[in-house]
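Numbering (this note's numbering), first residue to last: 1 to 474. From the three backbone atoms N, C-alpha and C, an ideal C-beta is built for every residue, glycine too. Every value quoted in this text rests on a predicted model; they were computed, and no experiment measured them.
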């Protein structure tokens, strides 16, 4: 990281640019931006300033926003500021009351100098600074199964490459669908650890089973414990334990997890035997854990234990230049799956379809892009994603079924990761539909009988576009 400044009176430095440093490495230079809340909705508030050097700054009333505003006239996600070579691109993200520069209502525009913006009843002053930060970029456009030639992803890859061979604990932060599990897989594959990669979805496990899932249990420890279970920590001994959705852990379980991490030992439920374990921890969350700590929802000591190295995965909307690379990879994989069914490969997306996708913000990130590409491979790219599509076109369910319903021997002929993903998707879709059918569409009952957290079942339903009433009618 470095700082620099431009001489007074010279042309402002680009907001972002790629340079070559003295050692010949590609480096991304980001210009800092000061965001000052000049007048808050709460009378008497003094101006508050935030300084950022990142691809995107989100302003809104949501507590998860980079600049959260206490203003009832401000939408939860109101304004996005993105670094582009020419300056700072302001985009109103569909707010109710609009974004204004003077009397002009702004939808999208680029600013290069100090600008005052009104959102709701709040005045926000944006001030580009002469100071910059610099980050080394990886020369590669891949880490494990993650792809990205954009500067944002190559910066992320450079950090991952540095820490992969170590035993450092890594906290992966990113929105839903950005590929956090792929990061954990890549870290494990490029590490020197010989043990297993063991994933645990902390948001999918009912609260009363979390301790058993992580630490194991002895036979007879509770109703249903008909035999000993080793638990995820022991299963990952010598390898990597991936704690997905770690922000969903209740506070009492956070304390037990912290104790296991500090002592590197676990005691199964209902047992006096202590197991020493050698595990590397990679945790992931779509929440801002630092803000969760400030709100008292996550233990500060556990946060520090997990966030030894923090890796933030950029959302797809900030790296649209990766679209073609990602789409080609998805279509290549889809072509192999279709070949396993005896079907021809999908047609490549034309320029009109690519231009349509480039204007979309992808709230579901790469996972949503995959669904769109698979859907269009069968139904055609006649309408923008998420804009006025008929229900049968908008739903990925029919397409997903065609992609994954190949004969078992044909699926086994695919590359390992693709075969595993196809089998997993096939199983999850069938399991969710059957669980909802047995419960007559009662989601809470279906989750309880399936032994998963209700929110996890709802996420699976949304992913496969399965409605409770549809399953109840089957």
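- Residue 314 holds the alpha-carbon nearest to the alpha-carbon of residue 364 among 84, 314 and 271.
- When DSSP reads this structure, residue 244 sits in a beta bridge with 201.
- Distances from the alpha-carbon of residue 261 to those of 118, 268, 233 and 239 put 233 closest.
- Beyond the five residues adjoining it in sequence on each side, residue 91 comes within less than 6 angstroms, by CB distance, of 80 and 108 in the same chain, given in chain order.
- Distance from the CA of residue 70 to the CA of residue 20, rounded to the nearest whole angstrom, comes to 42 angstroms.
- Contiguous beta strand (DSSP E) elements confined to the stretch 285-315 occur at 309-312, taking only those with 3 or more residues.
- The beta carbon of residue 301 sits closer than 8 angstroms to the beta carbons of 258 from its chain, once the five residues preceding and following it are set aside; these are given in chain order.
- In this structure, the CA atom of residue 59 is about 28 angstroms from the CA atom of residue 458.
- Ranked by how close their Cα comes to the Cα of residue 225, the residues 263, 269 and 265 have 269 in first place.
- Where residue 215 is concerned, the enclosing alpha helix (DSSP H) starts and stops at 210-215.
- In the assembly as shown, residue 440 is an exposed residue. Its beta-carbon has fewer than 16 other beta-carbons within 10 Å.
- In this structure, DSSP gives residue 378 a helical state, which the three-state scheme calls helix.
- In terms of Cβ geometry, residue 164 and residue 191 form a close pair [threshold 7 angstroms].
- Counting only the Cα atoms, residue 32 lies some 6 angstroms from residue 132.
- With respect to the C-alpha of residue 113, the residue from 96, 206 and 86 having the closest C-alpha is 86.
- According to DSSP, residue 127 shares a beta bridge with 34.
- A contact is defined here as three or more CB-CB pairs under 8 angstroms, and the stretch 241-254 meets this definition with respect to the stretch 273-289.
- Beyond the five residues adjoining it in sequence on each side, residue 120 comes within less than 6 angstroms, by CB distance, of 71, 73, 74 and 97 in the same chain, given in chain order.
- Per DSSP, the unbroken alpha helix (DSSP H) holding residue 151 starts and ends at 151-163.
- Counting the other CB atoms within 10 Å of its CB gives residue 61 a total of 16 or more, which places it among the buried residues.
- Under the three-state reduction of DSSP output, residue 134 falls in the strand class.
- In this structure, the beta-carbon distance from residue 88 to residue 151 does not fall below 7 angstroms.
- Shown here, residue 54 sits in coil according to DSSP, grouped into three states, outside any helix or strand.
- DSSP, reduced to helix, strand and coil, places residue 110 within a strand of the structure shown.
- Nearest to residue 82 by C-alpha distance, out of 30, 63 and 281, is 30.
- For residue 334, there is no enclosing beta strand (DSSP E); the enclosing alpha helix (DSSP H) covers residues 323-340.
- Cβ neighbours of residue 277 within its own chain (closer than 7 angstroms, five residues either side excluded): 233, 234, 237, 264, 265 and 266.
- One thing to note: residue 51 has its Cβ no nearer than 7 angstroms to the Cβ of residue 37.
- Cβ neighbours of residue 454 within its own chain (closer than 6 angstroms, five residues either side excluded): 444 and 447.
- Pairing residue 310 with residue 282 gives a Cβ-Cβ distance that is not under 7 angstroms.
- For residue 351, the enclosing alpha helix (DSSP H) covers residues 351-358.
- DSSP places residue 190 in no beta strand (DSSP E); its state is neither H nor E.
- In terms of Cβ geometry, residue 217 and residue 136 do not form a close pair [threshold 7 angstroms].
- Going by C-alpha positions, residue 93 is about 14 angstroms away from residue 318.
- In terms of CA proximity to residue 273, 228 leads the group 305, 228, 254 and 284.
- If you look at residue 117, you'll find it in the beta strand (DSSP E) that goes 115-119.
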